[in-house]
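Undergrad: Structure below; questions to follow.
Residue numbers (this note's numbering): 2 to 257.
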């Protein structure tokens with residue numbers, strides 16, 4: 002059972018795709034794709050499609066090769082592992098600063114994590130075979146991809162350190178900021194049960210941490226919603242990992 006699912010299997014939706022308009026080649030809506038250069042970017046957009054992904058949809062699973070390379074536009078993806086004892090460990094989060102599925106598309110083994118949509122929205126979806134074909138004819142794309150994949154390993158290391166050494170309150174503040182940065186919304190549709198899943202802690206620990214943040218005037222919450230009241234204070238409460246994991250740092254953008 003995955004993070005957003007509650008008692009039912011994750012429903013994988015099938016979407017009608019429509020070609021991406023390329024009238025404005027200077028921007029794709031995904032900052033990582035924009036770093037590929039106008040020629041490569043235009044080719045990927047022309048050969049790709051826009052897909053609508055729904056909350057709870059699992060894009061990749063452990064042991065699988067991704068069929069697509071997905072560049073989120075306004076969707077947010079959580080990447081996590083399920084441990085032997087059933088607990089979860091989120092290792093990364095991807096929004097419109099990154100992409101999902103590139104490593105396996107280039108032949109680098111299989112996915113090691115679940116990649117699940119936690120904020121629904123649109124993605125630019127490029128077939129893995131197309132992405133590989135373009136990368137083989139473009140040294141620029143290949144170099145950019147492998148640079149970001151190496152940086153992704155650093156990002157995973159940061160999350161592991163964070164899980165081991167920082168308090169639940171600090172990690173909760175960090176997680177809320179990471180989601181907020183990627184969906185640009187101060188009202189987040191999550192239950193405390195769902196947050197505890199992605200933090201890999203028991204729900205009572207999240208409830209206590211949420212109460213502490215509420216008493217500080219940083220957040221408020223009601224059934225199924227978390228409202229961020231004071232972003233500056235939330236950043237102060239968050240752990241020191243936030244600057245290196247927040248969006249806007251190109252070397253942190255590429256997942257998988």
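All C-beta atoms, glycine included, are put in the ideal place defined by N, C-alpha and C.
Please tell me whether, using a cut-off of 7 angstroms, the distance from the CB of residue 148 to the nearest non-hydrogen atom of the ligand FAD is below it.
TA: The ligand FAD is not among the ligands present in this structure, which contains no ligands whatsoever.
Undergrad: Taking the alpha-carbon of residue 1 as reference, which of 248, 207, 143 has the nearest alpha-carbon?
TA: Summary: the structure shown does not reach residue 1, with the chain confined to residues 2 through 257, and so no result is reported for it.
Undergrad: Using the three-state DSSP reduction, which class does residue 54 fall into: helix, strand or coil?
TA: By 1-based counting over the chain shown, the position of residue 54 is 53. If DSSP states are grouped into helix, strand and coil, residue 54 belongs with the strands.
Undergrad: Considering residue 115, what are the terminal residues of the beta strand (DSSP E) in which it resides?
TA: Position 114 of the chain shown, counted from the start, is the residue given in the question as residue 115. Segment 115–120, the beta strand (DSSP E) holding residue 115.
Undergrad: Comparing alpha-carbon positions, which option in 245, 128, 30, 237 lies nearest residue 1?
TA: Here the chain has residues from 2 to 257 only, and residue 1 is not among them.
Undergrad: Measure the alpha-carbon distance for residue 173 versus residue 112 and round it to whole angstroms.
TA: Taking the first residue of the chain shown as 1, we reach residue 173 at position 172. Taking the first residue of the chain shown as 1, we reach residue 112 at position 111. Each residue's Cα considered, the two are about 26 angstroms apart.
Undergrad: Quick one: what does DSSP say residue 130 is sitting in, helix, strand or coil?
TA: Residue numbering aside, residue 130 sits at position 129 when the chain shown is read from its first letter. In the structure shown, residue 130 sits in a helix (DSSP, three-state: H, G or I).
Undergrad: Grab the span of the beta strand (DSSP E) containing residue 229 for me, first residue to last.
TA: The residue labelled residue 229 in the question sits at position 228 within the chain shown. Residue 229 -> beta strand (DSSP E) spans 226–229.
Undergrad: Going by C-alpha distance, which of 193, 91, 42 is nearest residue 126?
TA: Position 125 of the chain shown, counting from 1, holds the residue named residue 126. Of 193, 91, 42, the residue nearest in Cα terms is 42.
Undergrad: Since residue 91 is in the beta strand (DSSP E), which residue starts that stretch and which ends it?
TA: Position 90 of the chain shown holds residue 91. That run of the beta strand (DSSP E) goes 89–95.
Undergrad: State buried or exposed for residue 239, treating a residue as buried only when at least 16 other CB atoms are found within 10 Å of its CB.
TA: Within the chain shown, residue 239 is the residue found at index 238, counting from 1. Under this definition residue 239 is a buried residue.
Undergrad: Have a look at residue 242 and residue 160 and give me their C-alpha separation to the nearest angstrom.
TA: In the chain shown, counting from the first residue as 1, residue 242 sits at position 241. In the chain shown, counting from the first residue as 1, residue 160 sits at position 159. C-alpha separation (whole angstroms): 8 angstroms.
Undergrad: Tell me, please, whether the segment 35–53 touches the segment 114–126 by the rule of three or more beta-carbon pairs shorter than 8 angstroms.
TA: With a cut-off of 8 angstroms, the segment 114–126 and the segment 35–53 count as touching, because enough Cβ pairs lie within range.
Undergrad: Identify the continuous beta strand (DSSP E) that holds residue 241 and give its terminal residues.
TA: Taking the first residue of the chain shown as 1, we reach residue 241 at position 240. Per DSSP, residue 241 belongs to no beta strand (DSSP E) and is neither H nor E.
Undergrad: Can you give me the Cβ contacts of residue 201 inside the same chain, cut-off strictly under 6 angstroms, excluding the 5 residues immediately before and after it?
TA: By 1-based counting over the chain shown, the position of residue 201 is 200. Closer than 6 angstroms at the Cβ level, and outside the excluded window around residue 201, lie 88, 89, 90.
Undergrad: Mind checking which residues open and close the beta strand (DSSP E) that includes residue 71?
TA: Position 70 of the chain shown, counted from the first residue, corresponds to residue 71. Note, residue 71: beta strand (DSSP E), 69–73.
Undergrad: Is it right to say residue 186 is buried, meaning 16 or more other beta carbons lie within 10 angstroms of its own, or is it exposed?
TA: Counting from 1 along the chain shown, the entry for residue 186 is found at position 185. By the neighbour-count rule (16 or more Cβ atoms within 10 Å), residue 186 is not buried but exposed.
Undergrad: Taking only the alpha-carbon atoms, compute the straight-line gap between residue 118 and residue 216 and give it to the nearest angstrom.
TA: Residue numbering aside, residue 118 sits at position 117 when the chain shown is read from its first letter. Residue numbering aside, residue 216 sits at position 215 when the chain shown is read from its first letter. Distance between the alpha carbons of residue 118 and residue 216 is about 30 angstroms.
Undergrad: Where residue 104 and residue 53 are concerned, what is the direct C-alpha to C-alpha distance, given to the nearest angstrom?
TA: The residue labelled residue 104 in the question sits at position 103 within the chain shown. The residue labelled residue 53 in the question sits at position 52 within the chain shown. C-alpha separation (whole angstroms): 22 angstroms.
Undergrad: Let me check one thing: in DSSP terms, what residues is residue 223 bridge-paired to?
TA: In the chain shown, counting from the first residue as 1, residue 223 sits at position 222. DSSP output for residue 223 lists 226 as bridge partner(s).
Undergrad: Buried or exposed: which applies to residue 80, given that a residue is buried once 16 or more other Cβ atoms fall within 10 Å of its Cβ?
TA: Against the chain shown, residue 80 aligns to sequence position 79. Answer is buried; the Cβ neighbour count reaches 16.
Undergrad: Residue 56 and residue 101: beta carbons closer than 8 angstroms?
TA: The residue labelled residue 56 in the question sits at position 55 within the chain shown. The residue labelled residue 101 in the question sits at position 100 within the chain shown. Their beta carbons are not under 8 angstroms apart, which means residue 56 does not touch residue 101 by this criterion.
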